[in-house]
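Comments concern the structure below.
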Amino acid sequence: MNSIKRISCGAILVVCAISATLASCGSDNPEPKTEGLDVKRHTQSRATSVAGDSTDWVYFSFATGAEVQGVTEANRMSRSDWDIAFNRFNMRTNSGLSGSGKGGAVETDKTSFADVTEAPSDGYVTDVEITIRGYSNGAMREKKSTGNLALLKAIRFSGPPPVYTLNDHVFVVRTADGKYVKVIFESFHNAEKKSGYITFRYAYQPDGSRNLKSKSMSKSESK
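Residue numbers (mature numbering (1 follows the signal peptide of the UniProt record, and there is no 0)): -23 to -1, 1 to 200.
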């Protein structure tokens, strides 16, 4: 009887040892990480003027993932630290008449963010002279400025009453230093339903290649 007990205890110890070994082996083999670029989202911190003020822009850097302060009409051509800028539904890149960088933008024919896995090799539009329109004291104002004609298709304005229609295509932006980022514009309103707060999702490629394969966003991130 005692020998049976000893065998049973020994068997239990062997099973425990095997379980511990398997557990330790499992910890040495974590689940593989999802490859691809991080997908981020940004909402403008403030809305620009509705009165057609051609000097009121919000500037943004994809490399830092933050808005860039201190950029003005007087110094924007000499600044290389911004990639895209917003004035209501008007947009700029650091290129052409807006900046001295290597920027530009192209509209793709894709509506799925994940389907854009490579930046186009050509077709990028650089900035030219545009007309900015706005309302002041009930009257329309027009001012000459600069902007990107490809990105002007991202958010269309009609009215009055004002209606802002989002283009559901993915855009590829070339940054001031010639890198690439894919962007899709998701909203023209903030959480309080105030207009002029553009929200966009993007995946930035820091290594200079045209590879834009991105990770999938979690359910909480995609909201």
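Backbone N, C-alpha and C define an ideal beta-carbon position, used for all residues, glycine too.
This structure is a prediction, so every number in the text was calculated from the model and none was measured.
Contact annotation: residue 118 and residue 111 have beta-carbon atoms nearer than 8 Å.
Taking every protein chain shown into account, the CB of residue 145 has fewer than 16 other CB atoms within 10 angstroms, so this residue is exposed.
Scanning 136, 54, 60 and 29 for the CA closest to the CA of residue 42 turns up 60. Burial is judged here by how many other beta carbons sit within 10 angstroms of a residue's own beta carbon; residue 180 has at least 16 and is buried. Residue 113 has its alpha-carbon roughly 43 Å from the corresponding atom of residue 187. Residue 159 and residue 81 have their alpha carbons spaced roughly 12 Å apart. When C-beta atoms of the region 168 to 175 are compared with those of the region 89 to 108, fewer than three pairs fall below 8 Å, so the two segments do not count as touching. Nearest Cα to residue 70 within the set 96, 21 and 129: 129. For the pair residue 147 and residue 97, the CB atoms are not nearer than the 8 Å cut-off. Excluding five sequence positions before and after residue 16, the CB atoms of its chain that fall closer than 7 Å to its own CB belong to 178, 180, 191, 192 and 194, given in chain order. Residue pairing for residue 121: DSSP places it in a beta bridge opposite 108. Distance between residue 139 and residue 26, taken at the CA atoms: about 15 Å. Under DSSP, residue 134 shares a beta bridge with 141. For residue 163, the enclosing beta strand (DSSP E) covers residues 157 to 166. Between the alpha carbons of residue 20 and residue 167 lies a gap of roughly 7 Å.
Annotation for residue 17: the continuous beta strand (DSSP E) segment containing it runs 17 to 20. DSSP places residue 24 outside both helix and strand once states are collapsed to three, so it counts as coil. For residue 150, the beta-bridge partners assigned by DSSP are 82 and 158.
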